[in-house]
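Student: Here the numbering used here is used: position 59 in the sequence shown is 253, and no number is missing along the way. Beta carbons are placed, not taken as given, at the ideal position from N, Cα and C, and that holds for glycine.
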Amino acid sequence: MDDFEQLDYYTLLELARNATADEIKRAYRRQMALYHPDRFAGAAPDAQAYASRRAQRINEAYAVLTDFSARVTYNRSLPDPATAPPQPAPARTPRTGAPQQPASRDQLAELYDQAQAHMVAGRYNEALHLLREIVQISPFYRDSSALLARAEAVVAHARPAAAQVPDRRRRALMFGGVGALLLAGLGAAGWAVRRPFVGTDPQATPAAVGVATQPSETATAQAEAAAPAPAEATATPSPTAAPSATPTTTPQPSPTMRPATPTPTLIPEQGRIIYSADFSTAQGWPITSGRGWSVGLAANGYQIVAIDGAGHIWAYRTSPAGMEYLVGVDVQIEGGMAGLMLRFQEREYLAFFINPQQGNYRLEQRLASGPNVLAEERSSAIKRGATAENRLVARLEGNTIALRINGQAIFERDLTTPPPSIHYGLVAVAQGSTCTATFRNLAIRELT
195 MDDFEQLDYY TLLELARNAT ADEIKRAYRR QMALYHPDRF AGAAPDAQAY
245 ASRRAQRINE AYAVLTDFSA RVTYNRSLPD PATAPPQPAP ARTPRTGAPQ
295 QPASRDQLAE LYDQAQAHMV AGRYNEALHL LREIVQISPF YRDSSALLAR
345 AEAVVAHARP AAAQVPDRRR RALMFGGVGA LLLAGLGAAG WAVRRPFVGT
395 DPQATPAAVG VATQPSETAT AQAEAAAPAP AEATATPSPT AAPSATPTTT
445 PQPSPTMRPA TPTPTLIPEQ GRIIYSADFS TAQGWPITSG RGWSVGLAAN
495 GYQIVAIDGA GHIWAYRTSP AGMEYLVGVD VQIEGGMAGL MLRFQEREYL
545 AFFINPQQGN YRLEQRLASG PNVLAEERSS AIKRGATAEN RLVARLEGNT
595 IALRINGQAI FERDLTTPPP SIHYGLVAVA QGSTCTATFR NLAIRELT
């Protein structure tokens with residue numbers, strides 16, 4: 195048995211039982227800086243295995259202690275500190291010949307944090323300079339090599355932001371002008387003919403962007419540019435229509451004509467594919483496990499297994515498209531909820547879940563202050579049942595988040611927290627029983 199297995203979570207992270215959320219986060223970072231498997235890439239195999247097992251245990255401790263209900267349950271399982279025998283001090287370095295902490299660790303950690311901050315803020319040139327310095331010191335430090343490749347690609351291919359904004363504004367002005375001319379022409383024609391009609395009230399407030407409602411037969415597809423949908427037609431006469439004292443008779447359908455069945459408008463995934471994974475192999479996605487939970491390959495895809503009380507179980511990667519992209523994945527869920535994790539940074543993220551058993555979806559915002567459910571309701575777009583496979587898509591453009599299920603738009607809103615980041619992932623959570631989520635056909639596309 196490893197020396198750390200006998201330690202409770204608080205002793206493992208070197209924390210008091212009344213530690214605050216910030217203290218737990220800082221302790222977690224300290225321990226992962228010591229035992230992250232990337233630090234032992236050049237060590238002996240037994241040292242690598244030890245570091246991997248200890249990192250899993252540290253992740254498990256952090257997941258429990260940052261989940262309020264799980265922490266309460268765990269605290270109740272611990273012996274009374276007044277009567278319990280003292281626990282041994284946690285080992286500072288892995289046994290069996292693990293390398294000593296390099297003298298440049300603090301410097302690397304500081305440089306890495308600065309580089310990540312630059313990447314998140316879109317300052318790729320600054321990040322490029324720092325990442326090159328990190329890779330020169332230690333090419334295997336965390337995911338610095340992958341971040342460096344990403345920064346180099348963005349700097350090489352990105353257009354200057356100053357040149358993009360005027361183009362967008364010119365396009366908006368051009369389309370707005372054309373639209374105004376068309377509307378003016380239609381208004382003139384309507385006035386000349388003097389035919390009353392029923393349409394959208396020009397004084398009515400447009401439908402709010404981001405309201406999580408099911409698409410109806412009168413709703414149009416939400417544009418990729420996140421334009422708000424027009425309000426549904428009302429019975430309010432247009433100002434150009436003369437009031438009539440004669441009651442209007444609604445025409446009845448012909449007995450031989452079959453009434454039209456409302457069909458939702460499906461939005462295809464468009465844009466050049468930058469990255470795809472069918473999960474026939476791991477392709478760099480993590481393979482690890484803890485006490486009852488696991489992430490890794492299965493016979494038919496990439497699988498996350500979550501158990502009740504363990505909180506959110508996830509795996510994340512760095513987006514090769516930066517902070518703005520379209521990501522889609524197929525998911526099959528048995529028990530609980532699962533889906534996409536967006537804007538991940540230091541345990542703050544958005545989680546886009548579906549529950550096929552109940553037929554509902556949820557958008558959850560996880561911040562340092564705690565979770566916040568932004569939207570949760572049933573949706574006819576979800577295919578029901580444990581064997582059903584659903585396609586989840588998220589479009590990230592600036593602060594705008596747009597979500598789809600099986601091609602149907604279900605949610606769109608501007609969210610400033612957490613801010614855009616370059617990390618995304620897959621996530622699952624159990625609800626009273628074990629949740630097994632299998633993911634397939636992941637694709638990241640450029641925005642169009």
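If you check the beta carbons only, do F547 and E540 fall under 8 Å apart?
Tutor: Reading the sequence shown from its first residue, position 353 is the one you call residue 547. Reading the sequence shown from its first residue, position 346 is the one you call residue 540. No, the Cβ-Cβ distance between F547 and E540 is not below 8 Å.
Student: With DSSP collapsed to three states, give me the class of D502.
Tutor: Numbered from 1 along the sequence shown, position 308 holds the residue referred to as residue 502. Note: D502 maps to coil in three-state DSSP.
Student: Tell me, please, whether the stretch 603-611 touches the stretch 489-498 by the rule of three or more beta-carbon pairs shorter than 8 Å.
Tutor: no
Student: Within the same chain, show all residues whose beta-carbon is closer than 8 Å to that of T260, passing over the 5 residues directly before and after it, in chain order.
Tutor: Taking the sequence shown and counting its residues from 1, one reaches residue 260 at position 66. If we look at T260 and ignore the five residues flanking it on each side, its Cβ neighbours are A215, I218, K219, G505 and R541.
Student: Taking the alpha carbon of L324 as the point to measure from, which residue in L302, A347, R336 and Q551 has its own alpha carbon closest?
Tutor: Taking the first residue of the sequence shown as position 1, residue 324 is located at position 130. Measuring from the Cα of L324, the nearest candidate turns out to be L302.
Student: Taking Cβ to Cβ, would you say I616 is nearer than 8 Å to M313?
Tutor: Position 422 of the sequence shown, counted from the first residue, corresponds to residue 616. Position 119 of the sequence shown, counted from the first residue, corresponds to residue 313. Going by C-beta atoms, I616 is nearer than 8 Å to M313.
Student: F198 by DSSP, collapsed to three states: which one?
Tutor: As a working note, residue 198 is residue 4 in the sequence shown. Residue state, collapsed to three classes: coil.
Student: So for L641, helix, strand or coil by DSSP?
Tutor: Position 447 of the sequence shown holds residue 641. In the structure shown, L641 sits in coil (DSSP, three-state: anything other than H, G, I, E or B).
Student: Across the stretch 622-640 and the stretch 471-478, are there enough close Cβ pairs to call them in contact, namely three or more that are closer than 8 Å?
Tutor: yes
Student: Sorted by chain position, which residues of the same chain lie with C-beta nearer than 6 Å to T630's C-beta, five sequence neighbours on each side aside?
Tutor: The residue given as residue 630 occupies position 436 in the sequence shown. Exclusion of the five residues before and after T630 leaves V499 and E528 as the residues of its chain whose Cβ lies within less than 6 Å of its Cβ.
Student: Just verifying my parser: in three-state terms, what is the DSSP assignment at P647?
Tutor: The question about residue 647 has no answer, for the chain in this structure spans 195 to 642.
Student: So does the stretch 506-518 actually touch the stretch 618-630, counting three or more Cβ pairs closer than 8 Å?
Tutor: yes
Student: Tell me the residue span of the alpha helix (DSSP H) that contains D216.
Tutor: For the purposes of this step, residue 216 is taken as residue 22 along the sequence shown, with counting starting at 1. Segment A215 to Y229, the alpha helix (DSSP H) holding D216.
Student: For V348 and Y318, which I take to be in contact (beta-carbon distance under 8 Å), what is that distance rounded to the nearest angstrom?
Tutor: Locating residue 348 in the sequence shown gives position 154, where the first residue counts as 1. Locating residue 318 in the sequence shown gives position 124, where the first residue counts as 1. Between V348 and Y318 the beta-carbon gap is near 5 Å, inside 8 Å, which marks them as a contact.
Student: Could you tell me the boundaries of the beta strand (DSSP E) in which E254 lies?
Tutor: Numbered from 1 along the sequence shown, position 60 holds the residue referred to as residue 254. Taken as a continuous stretch (DSSP letters only), E254 belongs to no beta strand (DSSP E), being part of the alpha helix (DSSP H) at P239 to L259.
Student: Taking 8 Å as the cut-off, does the stretch 569-578 touch the stretch 529-537 (at least 3 CB pairs, one atom from each stretch)?
Tutor: Verdict: no, contact absent.
Student: Can you tell me the Cα-Cα spacing of A596 and G522, whole angstroms?
Tutor: The residue given as residue 596 occupies position 402 in the sequence shown. The residue given as residue 522 occupies position 328 in the sequence shown. Those two C-alpha atoms are separated by around 12 Å.
Student: What does the Cβ neighbour count give for V266, buried or exposed, with the cut at 16 atoms within 10 Å?
Tutor: For the purposes of this step, residue 266 is taken as the residue at position 72 of the sequence shown. With fewer than 16 other Cβ atoms within 10 Å, it is exposed.
Student: Distance, Cα to Cα, E463 vs A213?
Tutor: Indexing the sequence shown from 1 puts residue 463 at position 269. Indexing the sequence shown from 1 puts residue 213 at position 19. Cα to Cα, E463 sits roughly 46 Å from A213.
Student: Rounding to the nearest angstrom, what Cα-Cα distance links R211 and V329 in this structure?
Tutor: Walking along the sequence shown from the start, residue 211 turns up at place 17. Walking along the sequence shown from the start, residue 329 turns up at place 135. Approximately 38 Å between the Cα atoms of the pair.
Student: Out of A221, E208, P231 and L209, which has the shortest C-alpha to C-alpha gap to T482?
Tutor: Within the sequence shown, the letter at position 288 stands for residue 482. For the residues A221, E208, P231 and L209, the minimum Cα distance to T482 belongs to P231.
Student: So, for G465: in the same chain, excluding its five sequence neighbours on each side, which residues have a beta-carbon less than 7 Å away from its beta-carbon?
Tutor: Along the sequence shown, read from residue 1 onward, the residue named residue 465 stands at position 271. Taken in chain order, the residues that qualify are L520, R639, E640, L641 and T642.
Student: What does the Cβ neighbour count give for A622, buried or exposed, with the cut at 16 atoms within 10 Å?
Tutor: As a working note, residue 622 is residue 428 in the sequence shown. Counting of Cβ neighbours within 10 angstroms places A622 among the buried residues, the total reaching 16 or more.
Student: What is the rounded straight-line gap between the Cα of P239 and the Cα of L207?
Tutor: In the sequence shown, the residue the question calls residue 239 occupies position 45. In the sequence shown, the residue the question calls residue 207 occupies position 13. Rounded to whole angstroms, P239 to L207 spans 25 Å at the Cα level.
Student: Identify the residues that DSSP records as bridge partners of F546: which are they?
Tutor: Stepping through the sequence shown from its first residue, residue 546 is reached at position 352. DSSP output for F546 lists L534 and L557 as bridge partner(s).
Student: Can you tell me whether R270 is buried or exposed, with buried defined as 16 or more other CB within 10 angstroms of its CB?
Tutor: Here residue 270 is taken as the residue at index 76 of the sequence shown, counted from 1. R270 is exposed by the Cβ-count criterion.
Student: For the alpha helix (DSSP H) holding S271, just list the boundary residues, first then last.
Tutor: Residue 271 sits at position 77 when you count from the first residue of the sequence shown. F262 to S271 is the extent of the alpha helix (DSSP H) around S271.
Student: How many Å lie between A345 and G626 at the Cα?
Tutor: Stepping through the sequence shown from its first residue, residue 345 is reached at position 151. Stepping through the sequence shown from its first residue, residue 626 is reached at position 432. In a straight line, the C-alpha of A345 is about 42 Å away from that of G626.
Student: For A580, does the three-state DSSP call read helix, strand or coil?
Tutor: The residue you call residue 580 lines up with position 386 of the sequence shown. Residue state, collapsed to three classes: coil.
Student: Do we get a CB-CB distance below 8 Å when we pair D196 with the residues of chain D?
Tutor: The structure shown contains no chain D, having only a single protein chain.
Student: What residues in its chain sit with their C-beta under 8 Å from that of F245, if we drop five residues either side in the sequence?
Tutor: Mapped onto the sequence shown, residue 245 falls at position 51. One detail in the question is off: residue 245 reads as Ala in this sequence, not Phe. Answer for A245: Y229, H230, P231, R233, F234, A237, P288 and A292, listed in chain order.
Student: If we call anything under 8 Å between Cβ atoms a contact, is A569 one with F605?
Tutor: Along the sequence shown, read from residue 1 onward, the residue named residue 569 stands at position 375. Along the sequence shown, read from residue 1 onward, the residue named residue 605 stands at position 411. Yes, Cβ-Cβ distance for A569 and F605 is below 8 Å.
Student: Are the CB atoms of A588 and I461 within a distance shorter than 8 Å?
Tutor: Taking the sequence shown and counting its residues from 1, one reaches residue 461 at position 267. Taking the sequence shown and counting its residues from 1, one reaches residue 588 at position 394. Cβ distance not < 8 Å, so I461 and A588 don't count as in contact.
Student: Residue range of the beta strand (DSSP E) that Y469 falls in?
Tutor: For the purposes of this step, residue 469 is taken as the residue at position 275 of the sequence shown. Where Y469 is concerned, the enclosing beta strand (DSSP E) stretches over I467 to A471.
Student: Could you check the C-alpha separation between P613 and W508 for me, to the nearest Å?
Tutor: The residue labelled residue 613 in the question sits at position 419 within the sequence shown. The residue labelled residue 508 in the question sits at position 314 within the sequence shown. Going from the Cα of P613 to the Cα of W508 covers about 19 Å.
Student: Roughly how many angstroms separate the alpha carbons of Y204 and Y335, rounded to a whole number?
Tutor: Here residue 204 corresponds to residue number 10 of the sequence shown, with the count starting at 1. Here residue 335 corresponds to residue number 141 of the sequence shown, with the count starting at 1. Answer to the nearest angstrom: the Cα atoms are 27 Å apart.
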